[in-house]
């Protein structure tokens, strides 16, 4: 017996909008870990990141580096152990929970 053929979900435009809505609802939050040089003499971005509900991914743009951490905050704690003056910078606002 073969699997039943499922009908398409809506029109091509409606299906595309469904995917857009999913992407917006489940998009990771962007963040950066910035570094302070001297006593606020200068600064730069050490790494960029994406925060998912269960992990955070890092990528550096000055060198080939990447990392996976439990949270953005845990990445900051680990990277700060080097003695560098680092700050966590959230680029995207925390999503608003619209569930009732």
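Numbering (the numbering used here), first residue to last: -7 to 92.
Ideal Cβ placement from N, Cα and C applies to all residues, glycine included.
Note that this is a predicted model, so its numbers are computed, not measured.
- Of the candidates 66, 81, 63 and 43, the residue whose Cα lies closest to the Cα of residue 18 is 43.
- Within the same chain, Cβ atoms closer than 8 Å to the Cβ of residue 86 are found at 21, the five residues on either side in sequence being excluded.
- The beta-carbon distance between residue 24 and residue 83, rounded to whole angstroms, is 6 Å. This is short enough to meet the 8 Å contact definition.
- Beyond the five residues adjoining it in sequence on each side, residue 76 comes within less than 6 Å, by CB distance, of 27 in the same chain, given in chain order.
- Collapsing the DSSP output to three states places residue 11 in a helix.
- In this structure residue 79 is not in contact with residue 62, their Cβ atoms being roughly 19 Å apart against a cut-off of 8 Å.
- Here residue 64 is near residue 41, since their CB atoms are less than 8 Å apart.
- Taking 8 Å as the upper bound for CB-CB distance, residue 1 and residue 7 are in contact here, some 5 Å apart.
- Within 10 angstroms of the beta-carbon of residue 39 lie 16 or more other beta-carbons, which makes it buried.
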